[in-house]
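A.B. asks: Quick one: the structure is below, and I'll ask about it shortly.
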Amino acid sequence: MKKIINTTKAPAPIGPYNQAVLVGNTLYTSGQIALHPQTMELVLDDIKTETKQVMENMKAVLAAADMTFENVIKTSIFISDMNNFSEINDVYGQYFDEATAPARETVEVANLPKFVNVEISMIAVV
Numbered sequence: 046m047k048k049i050i051n052t053t054k055a056p057a058p059i060g061p062y063n064q065a066v067l068v069g070n071t072l073y074t075s076g077q078i079a080l081h082p083q084t085m086e087l088v089l090d091d092i093k094t095e096t097k098q099v100m101e102n103m104k105a106v107l108a109a110a111d112m113t114f115e116n117v118i119k120t121s122i123f124i125s126d127m128n129n130f131s132e133i134n135d136v137y138g139q140y141f142d143e144a145t146a147p148a149r150e151t152v153e154v155a156n157l158p159k160f161v162n163v164e165i166s167m168i169a170v171v
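And the structure:
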């Protein structure tokens, strides 16, 4: 059985998908970009601010499934410029305990939705 997870505390989907799907004890999130959930405007002041908005959006999606970053076992980070990796990693790292941080891949891509600089998705378990 799958349960659809949606919250108004994260940006509404901009296509035919949901913010997350819970199957058994595993949560699969859609990628989050730096859309402000109330205004649906992009937060692109700088790469650290953009990444923080992405992580706050993901935090809201996890909370809607009664989870936190402690439940995350895998993340995928897509970035448009690998030169931003260090700053993205600095912000991302503030949300995890390094000793129990999830597995992760970081991939540079040609373009992302709305031409943002970073998109992050996660898998979490209870």
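Going by the working numbering, the first residue of the sequence shown is number 46, and it counts up by one from there. For glycine and all other residues, C-beta sits at the position ideal for the given N, C-alpha and C.
Return helix, strand or coil for residue 150, following the three-state DSSP convention.
C.D. replies: strand
A.B. asks: Starting from residue 77, follow its DSSP beta bridges and name the residues at the other end.
C.D. replies: 165
A.B. asks: Smallest Cα separation from residue 163: which of 112, 155, 59?
C.D. replies: Distances from the alpha-carbon of residue 163 to those of 112, 155, 59 put 155 closest.
A.B. asks: Excluding the 5 residues flanking residue 30 on each side, which residues of the same chain have their C-beta closer than 8 Å to its C-beta?
C.D. replies: Nothing can be reported for residue 30, as the shown portion of the chain is limited to 46 through 171.
A.B. asks: Under DSSP, the alpha helix (DSSP H) around residue 136 begins and ends at which residues?
C.D. replies: 130 to 138 is the span of the alpha helix (DSSP H), which, as asked, contains residue 136.
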